[in-house]
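Participant: Please see the structure below; I have some questions.
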Amino acid sequence: MSNGRAISQNVKREVETKSFVKEFLALIKIGIVNSNLITTFTGLFLAFQFTNKSFLHSLDLLVLTLLGTALIIAGSAAMNNWIDRDIDPLMTRTKERPTVTGRFDGKAVFTIAMVLIIAGELFLFSINNVAGWLGVAGVVSYVVIYSMWSKRKHVSNTVVGSFSGAIPPLIGWVAVEPTLGFGAWALFLIMFAWQPPHFYALAMRRTEEYRAASIPMLPVVKGFKRTKISILGWILLLFPLPFLLKELGIGFILLATLLNIGWLILSVRGFKAKDDMKWATGMFVYSINYMTILFVSMIIFSIFI
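Add 636 to a position in the sequence shown, counting from 1, and you land on the number used in our numbering.
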């Protein structure tokens, strides 16, 4: 009997541990952390390739950069959850967040967020001051300018939030080369222009939830047709940007252009779509694959320059 009770208690503790880990990963929005690390690594790797520096001899720099960036993004995401505790219960997408369910109380979330951000900044400043200050800019733009200000007040909140999302590849770049080169700004512009059509598609799928939470997302304020026009415009802005990375060769430019054409065709079809939700879902999925393929291809093509 005692052995059975001990086994039961061990199983219970294991379940609780797994539950805690799952809730913690939700708190720091691990999906966002991982996707941003792809762009950070790309910036770092391209800087190595463009400056003819040794990647294999700088693995410590790689670890510091990815760890520091991951920590400030995780901390900023946790802070965003802390800020949005009042509106998250109103949205189906966010009502199961640990800040809503009570798994983490407000004080604990704030403390976790600050510890992660400070630790991340210490790592980034240990690389160089430019990486550190870019990290500060990313945190302030996401936590203060986006989460605390524009998200709830301005229809342009998605564009404002795109600034912080475009900073990770810059951090990766300056970790290797503190002077921001032309290639670094090309990565920044691509990430900046990619985000509005990506998030507008998501906002269309969650329009009624955003409306219930009084968040002035573009489809809530301007409607679907206006949102589709904006999506089309941002996708068109992406077309010339791969040419800023001509060092990667014609193969990369052709691939990027094909990805842009595919997204453009899908966007144009939206104006005649009979099911806007189905179309928006397709746009959202395409945008995720677009970003992943594009940035991974940058790494691959850079090896052969």
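For each residue, glycine too, the CB sits at the ideal point set by N, CA and C.
Quantities reported herein were computed from a predicted structural model and do not represent experimental measurements.
1) Span of the alpha helix (DSSP H) holding G667?
2) Could you give the distance in angstroms between the alpha-carbon of V607 and the alpha-carbon of L930?
3) Could you give the DSSP three-state label for V921: helix, strand or coil?
4) Note down the Cα distance separating G898 from L760, rounded to an integer number of angstroms.
5) Count Cβ pairs between the segment 886-893 and the segment 806-819 that sit closer than 8 Å; are there 3 or more?
6) Do three or more CB pairs link the segment 744-763 to the segment 787-798 at distances below 8 Å?
7) Among residues of its own chain, excluding the 5 on either side of G704, which ones have a beta-carbon nearer than 6 Å to its beta-carbon?
8) Should L663 and N717 be called a contact, given that it needs their Cβ atoms to be closer than 8 Å?
9) Under 8 Å, do A767 and V810 count as touching if we go by C-beta distance?
10) Please classify G774: is it buried, with 16 or more other beta-carbons within 10 angstroms of its beta-carbon, or exposed?
11) What residues in its chain sit with their C-beta under 8 Å from that of L895, if we drop five residues either side in the sequence?
12) Out of L900, T687, G679, I807, which has the shortest C-alpha to C-alpha gap to L707?
13) In the structure shown, what three-state DSSP assignment does P814 receive?
14) P615 lies in the alpha helix (DSSP H); which residues open and close that run?
15) Taking only three categories from DSSP, how would you classify R841?
16) Could you give the residue range of the alpha helix (DSSP H) that holds P734?
17) Identify whether N716 lies in helix, strand or coil by the three-state DSSP scheme.
18) Between the C-alpha atoms of L805 and Y778, what's the straight-line distance to the nearest angstrom?
19) Do you know offhand how far A839's Cα is from L854's?
20) By DSSP, does I803 sit in helix, in strand, or in coil?
21) Buried or exposed, going by whether 16 or more other CB atoms sit within 10 Å of the CB of L874?
22) So, is R905 buried or exposed, given that buried needs 16 or more other C-beta atoms within 10 angstroms?
23) Give me the Cα-Cα distance between A916 and S762, rounded to the nearest whole angstrom.
24) Quick check on the burial criterion: 16 or more other C-beta atoms within 10 angstroms. Buried or exposed for K864?
25) From the DSSP output, in three-state form, read off H693 for me.
26) If you reduce the DSSP assignment to three classes, tell me which class M727 lands in.
Facilitator: Walking through what the data contain:
1) Start and end: 666-687.
2) Coverage of the chain is limited to positions 637 through 941, which leaves residue 607 absent and any answer about it impossible.
3) Looking at V921 - three-state DSSP - the assignment turns out to be helix.
4) G898 and L760 have their C-alpha atoms roughly 37 Å apart.
5) These segments do not touch.
6) Not touching, per the Cβ criterion.
7) So the list reads G756, F759, L760, once near-sequence residues are dropped.
8) In this structure, L663 lies near N717, with their beta-carbon atoms less than 8 Å apart.
9) For the 8 Å CB-CB criterion, A767 and V810 form a contact.
10) The residue in question, G774, is buried, as its Cβ has 16 or more Cβ neighbours within 10 Å.
11) Closer than 8 Å at Cβ, skipping near neighbours: Y926, I929, L930.
12) The option with the nearest alpha carbon to L707 is I807.
13) DSSP places P814 in coil when its eight states are reduced to three.
14) Past the edges of the chain, shown from 637 to 941, lies residue 615, and the structure says nothing about it.
15) Helix, per DSSP.
16) For P734, the enclosing alpha helix (DSSP H) has its first and last residue at 734-737.
17) Assignment of N716 by DSSP, reduced to helix, strand and coil, places it in the helix class.
18) It is worth fixing the name first, because residue 805 is Pro in this sequence and not Leu. Going from the Cα of P805 to the Cα of Y778 covers about 16 Å.
19) When only Cα atoms are considered, A839 and L854 end up about 8 Å apart.
20) Coil.
21) Buried.
22) Burial call: exposed.
23) Approximately 42 Å between the Cα atoms of the pair.
24) With 16 or more other Cβ atoms within 10 Å, it is buried.
25) Looking at H693 - three-state DSSP - the assignment turns out to be helix.
26) Of the three classes helix, strand and coil, the one that applies to M727 here is coil, per DSSP.
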